[in-house]
Amino acid sequence: MKKLLSLLASTSMVTTATVSVVACGNKEGSDTKPPVQPEQDLTALIADFKKDITAIKDEYWNEINKSFFSLVDVNQQIYQLLTKEKITQLVTENGNNAVTSLNENDQNLLKIDIQKIIKVEDLKQKFISKINKEKYSILINELNWFTGFSIDWSTLEINFTGDEIPEQANPSSKSDSFLSYVKVDLKFEFKYLDKNGQETTFNINQKFIFTLTSNKVLIESIQALKTTIKTDYLLDGQKYSFIDKSELGISLNQGSGKIFGNDLNFKSVYESNGFKNDIISFMKNNYFDKFINISLSFEGKFKGRSIEKLKYKWN
């Protein structure tokens, strides 16, 4: 039986992030107090700070996109858990089912591998160099405001398949077969000073999905999809490239508040079978045309303007 594998976060039409905030006590041994500032202005400043931090993280994540894919023969000496041998062992010992938990030692190995992939120190320097220190001095003065990341182990999923992947160029010959993924949510952690001079922590959640395979053509196809689908789909003029008034059930005599308001049900369009079939057909024809008998399907929910998960298999 063919295994059904996640196609990474590669189908996301836009990058999405979740921000949460936790209030903490004053920094120990510090009398740092922000200058008195109108509460409304400070609230807006904090919102801008979170927005800018998220944008910097998104930019960096896109820059390191290729690091989330690797060929088996390339990474065996680089990583400790993200190897064909270790992934195969974990899944096999779990009855050939997706692995959703790790012992403490393997958790540490995976965290070390993730640190290597995302290069946390480079990310920290990106934040330091890009953030407007003058604008946000009241919030981050004398603070170690980026404190690293943690892993939400409840979201872990590891799986692989040894199914052969037939290609169009030579259907009778099937390519090397190992294909795996490791998926888990990361939480990037930041601090700032609130209106009372208290350290307040906020987090940005980010899905981490790593693909390890022996098939170079498949990696190239997935990377092309992730990199260009937003532009390609728009320029191709597909039925759902543009959403018009008829699809949203609005008329031109309605005010802009209705047209651009929160009550506009984009989900009714993007969760429809029409859109799903259209985008899947577009992906198969434009990115996976080198493979035969590939079946794509959506799993998960519509999130904002992004597709939560796409799965694929070979018949």
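According to mature numbering (1 follows the signal peptide of the UniProt record, and there is no 0), the residues represented by the sequence shown are -23 to -1, 1 to 292, in order.
Idealized CB from N, CA, C, for every residue including glycine.
- Non-local beta-carbon contacts of Ser47 in its own chain, meaning distances under 7 Å to residues more than five positions away in sequence, involve Leu189 in chain order.
- Taking the C-beta atoms as reference points, Phe155 is found no nearer than 8 Å to Lys267.
- As the crow flies, the alpha-carbon of Gly125 is around 6 Å from that of Phe165.
- One alpha carbon belongs to Glu176, the other to Ile108, and they sit about 18 Å apart.
- By the criterion of a C-beta distance shorter than 7 Å, Phe137 is surrounded in its chain by Ile64, Thr65, Val68, Phe155, Leu156 and Ser157, once the five residues flanking it on both sides are discounted.
- Fewer than three beta-carbon pairs drawn from the segment 16 to 27 and the segment 81 to 92 are found closer than 8 Å, and the two stretches are therefore not classed as touching.
- Taken through DSSP and simplified to helix, strand or coil, Gly174 comes out as coil.
- Of Glu36, Leu58 and Ile94, the smallest CA-CA separation from Asn82 is found for Leu58.
- Phe45 places its beta carbon 8 Å or farther from that of Ile206.
- According to DSSP, residue pairing for Val159 in a beta bridge involves Ile135 and Phe187.
- By a beta-carbon distance limit of 8 Å, Leu120 does not contact Lys172. Their separation comes to about 15 Å.
- Annotation for Ser47: the continuous beta strand (DSSP E) segment containing it runs Phe46 to Leu48.
- According to the DSSP assignment, Tyr210 belongs to the alpha helix (DSSP H) that extends over Lys193 to Leu212.
- A straight-line Cα-Cα distance of about 28 Å links Asn80 and Asn42.
- Just so you know, the alpha carbons of Leu116 and Ile257 end up roughly 45 Å apart.
- Around the beta carbon of Gln183, 16 or more other beta carbons sit within 10 angstroms, so the residue counts as buried.
- Around Val76, the same chain offers Leu67, Val68, Leu133, Glu134, Ile135 and Asn136 as residues with beta carbons nearer than 8 Å, after the five sequence neighbours per side are excluded.
- Residue nearest to Ile95 within the set Asn254, Asn250, Lys110 and Tyr56 is Tyr56 (criterion: CA-CA distance).
- Between Asp129 and Val161, the gap from beta carbon to beta carbon is short of 8 Å.
- Within the model, the alpha-carbon separation for Phe123 versus Leu212 is close to 38 Å.
- Straight-line measurement puts the Cα of Asn263 at about 9 Å from the Cα of Ser198.
- If you ignore the 5 residues before and after Gly139, its C-beta comes within less than 7 Å of the C-beta of Ser154 and Phe155, all in its own chain and listed in chain order.
- Spatial neighbours of Asp209 in its own chain (CB-CB distance under 7 Å, excluding positions within 5 residues in sequence) are listed in chain order as Asn263.
- According to DSSP, residue pairing for Gly125 in a beta bridge involves Glu166.
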